[in-house]
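Student: The structure's right below; bear with me while I get my questions together.
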Amino acid sequence: MRSRRKVEHIQHVLQEPLSNADFSDIRLLHNCLPGTSGSRVELGTKVAGLDLALPFFFNALTGGAAGTEEINHKLALASRHFRIPMAVGSQKAALEDPSLEGSYRIVRKTCPDGLIFANLSAGCSLEEARRAVDMLEADALQLHLNAPQEMVMPEGDRDFGGWLRNITEVTEGLKVPVIVKETGFGMAAEQVGMLAQAGVKAVDVSGRGGTNFINIEAGRAGFAAGELADWGIPTPLALLEALEGKSGTVDIIASGGVNTSLSMVKSLALGAAAVGLGALPLKLILREGVDRAVKELEEIIEGIKKYMALLGARTVTDLKQVPLVILGETGEWLRARGFPAHKYARRDFRQLS
Ligand SMILES: Cc1cc2nc3c(=O)[nH]c(=O)nc-3n(C[C@H](O)[C@H](O)[C@H](O)COP(=O)(O)O)c2cc1C
């Protein structure tokens, strides 16, 4: 059952057009005296204490079903090319049936020195978390939150109790950093605050606007999602919420339909430490193959560099100091929630390095 579901998820992503989160309310200011050169822009960043060569990585997608070893192999080849981290899909299947481990282990085989993120549900035990990390010699563990998806699946879980307690236990007991991620419905400031308190090193807001598992599961079950299709916090807002809710050293990752150079730059400028890419690399790799996917991602990287040069930002840290004007519904939301939008608009270009 689980294996068929995973294959159908991939088929759905391939059939549907790529869905982009709407960042149009977030406006960057042109810097007419940028003082930078595009060729000298540096794209390195740090997430959960790990050094990334580029400010994006491949987010959790798959493993544990027919054809997924090949998909993970191709994704791993591209991640190795860019020296960016790659997360595998939920390893629950392989914990239950070790014959499926190969579809995940292929990632470590392909990237012996790469950064790899293990992945399980936030409902997992510490013992399961350790086994998932060991399976891949993983550098971090992602724990995913997916209540809306479970709710729509006829066979899905209905009991979401104990997640925060589990997360705390896993965070305290595991040697590698824990990243808690949503799966397309976003996070609010309050829960990000609780996750930071629980000791997670990074939260990935994975907001609404990209892959939508309510639509996917409703489609699989043969009914229309109706009003539920609008459920969730849009990615730019989830990011702003997370930045308000975070405390201590927790890093915020932006994902959920962040597929273009401009939306990546806006996410980083708002304060994300990095961007997670889900459907985009999957589609590119399956439709066009690894080489073409690498070329398309290189174009995105060039785009990021161009925007950074135009803003006068030489590094990803510089980007966090460029002014942003937050308009429209996004601005209204911030005001309604009592979060200051003007602090982004009043940033001072002149303090860039
Ligand atoms: C086919 C597919 C399978 C996924 N499987 C997982 C998973 O096993 N674990 C997980 O944490 N997230 C999973 N996700 C969610 C992604 O990691 C990501 O949070 C979500 O797709 C939003 O990002 P996107 O809009 O860039 O796709 C999956 C996404 C897709 C498209």
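When we follow numbering that gives the first Met the number 0, the leftmost residue of the sequence shown carries the number 0, and every step to the right adds one.
Glycine residues also receive a C-beta, built at the ideal position from the N, C-alpha and C atoms.
(1) Distance check for G88 and D250, CA to CA, integer angstroms please.
(2) Note down the Cα distance separating W230 from R207, rounded to an integer number of angstroms.
(3) Have a look at the DSSP bridge pairing and note the partners of P233.
(4) Does the Cβ-Cβ distance between A373 and F116 come in under 7 Å?
(5) How is the beta strand (DSSP E) around G275 delimited, first residue to last?
(6) Residue ranges of each alpha helix (DSSP H) run of no fewer than 4 residues wholly in the stretch 256 to 311, ordered along the chain?
(7) In whole angstroms, what is the alpha-carbon distance linking S124 and N165?
(8) State yes or no: is the C-beta of I9 nearer than 6 Å to some heavy atom of ligand 1?
(9) Inspect the beta-carbon positions of V199 and V175 and report whether they are closer than 7 Å.
(10) Should L42 and N258 be called a contact, given that it needs their Cβ atoms to be closer than 7 Å?
(11) Could you give the C-beta distance for S260 and I303, rounded to a whole number, given that I count them as a contact under 8 Å?
(12) Note down, in chain order, each residue of its chain lying with its Cβ closer than 7 Å to the Cβ of V132, except the 5 sequence neighbours on either side.
(13) In angstroms with no decimal places, state the Cα-to-Cα distance between E354 and F57.
(14) What does V202 pair with, by DSSP beta-bridge criteria?
(15) Span of the beta strand (DSSP E) holding V87?
(16) Tell me H143's beta-bridge partners as DSSP assigns them.
(17) What number of angstroms, rounded off, separates the C-alpha of E240 from the C-alpha of Q190?
(18) Which same chain residues end up closer than 7 Å to G327 when comparing Cβ atoms and leaving out the 5 residues on each side of it in sequence?
(19) At what residues does the alpha helix (DSSP H) containing I400 begin and finish?
(20) Across which residues does DSSP place I25 in a beta bridge pair?
(21) Output the distance between the C-alpha atoms of P111 and N145, rounded to the nearest integer angstrom.
(22) Mind checking who K45 pairs with in its DSSP beta bridge?
(23) Kindly indicate which residue of L242, S78 and V324 has the alpha-carbon position closest to the one of K294.
(24) Is L194 a contact residue of ligand 1, with contact defined as CB to any heavy atom under 6 Å?
(25) Rounded to the nearest angstrom, how far is the Cβ of A308 from that of I325, given a contact under 8 Å?
(26) Can you find the residues in the same chain that come closer than 7 Å, C-beta to C-beta, to A273, ignoring five residues on each side of it along the sequence?
(27) Are the beta-carbon atoms of G256 and T234 separated by less than 7 Å?
(28) Per the DSSP calculation, F354 is bridged to which residue(s)?
(29) Is it right to say S102 is buried, meaning 16 or more other beta carbons lie within 10 angstroms of its own, or is it exposed?
(30) Confirm the yes/no value for this check: CB of T259, any heavy atom of ligand 1, distance under 6 Å.
(31) Rounded to whole angstroms, what is the Cα-Cα separation between F128 and G161?
(32) Hey, could you find the ends of the alpha helix (DSSP H) R1 is sitting in?
(33) Going by DSSP, name the residue or residues bridged to I115.
Tutor: From the atom records:
(1) Inter-residue distance for D250 and G88 is about 21 Å (C-alpha atoms, whole angstroms).
(2) Spanning the alpha carbons of W230 and R207 requires a straight line of approximately 8 Å.
(3) For P233, the pairing in a beta bridge is given by DSSP as R207.
(4) The requested residue 373 does not occur in the structure, where the chain is confined to residues 0 to 352.
(5) In the DSSP annotation of this structure, the continuous segment of the beta strand (DSSP E) that includes G275 starts and ends at A273 to L276.
(6) Fully contained in the stretch 256 to 311 are the following alpha helix (DSSP H) runs of length 4 or more, in chain order: 260 to 269 and 278 to 310.
(7) Distance between the alpha carbons of S124 and N165: 7 Å.
(8) True, at least one ligand heavy atom lies under 6 Å from that Cβ.
(9) No, these two residues do not count as a Cβ contact at 7 Å.
(10) 7 Å or more divides the Cβ of L42 from the Cβ of N258.
(11) With a Cβ gap of about 5 Å, S260 and I303 count as contacting.
(12) The residues are A117, L140, L173 and V175.
(13) In the structure displayed, the chain extends from 0 to 352; residue 354 sits before or after that span and is not available.
(14) Answer is V179 and I251.
(15) For V87, no beta strand (DSSP E) run applies, since DSSP gives it neither H nor E.
(16) Answer is S120 and K180.
(17) For E240 and Q190, the distance between alpha carbons rounds to 10 Å.
(18) Apart from sequence neighbours up to five positions away, the residues of its chain that approach G327 with a beta-carbon distance below 7 Å are D24, ordered along the chain.
(19) This structure does not reach residue 400, given that the chain is present from 0 up to 352, and the question cannot be answered.
(20) The bridge partners DSSP lists for I25 are I325.
(21) About 30 Å.
(22) Note: K45 sits in a beta bridge opposite D50.
(23) Per the Cα distances, S78.
(24) L194: no, Cβ never under 6 Å from ligand 1.
(25) With 8 Å as the limit, A308 and I325 do not qualify as a contact, their Cβ atoms being about 23 Å apart.
(26) Within the same chain, and ignoring the five residues on either side of A273 in sequence, the residues whose Cβ sits closer than 7 Å to its Cβ are T44, V46, L51, P54, F55, F56 and I252.
(27) For the 7 Å CB-CB criterion, G256 and T234 form a contact.
(28) The question about residue 354 has no answer, for the chain in this structure spans 0 to 352.
(29) By the neighbour-count rule (16 or more Cβ atoms within 10 Å), S102 is buried.
(30) Answer for T259: no, Cβ out of range of ligand 1.
(31) It should be pointed out that residue 128 corresponds to Ala in this sequence rather than to Phe. Taking the CA atoms as reference points, A128 sits about 15 Å from G161.
(32) Start and end: R1 to Q14.
(33) According to DSSP, I115 bridges with M85.
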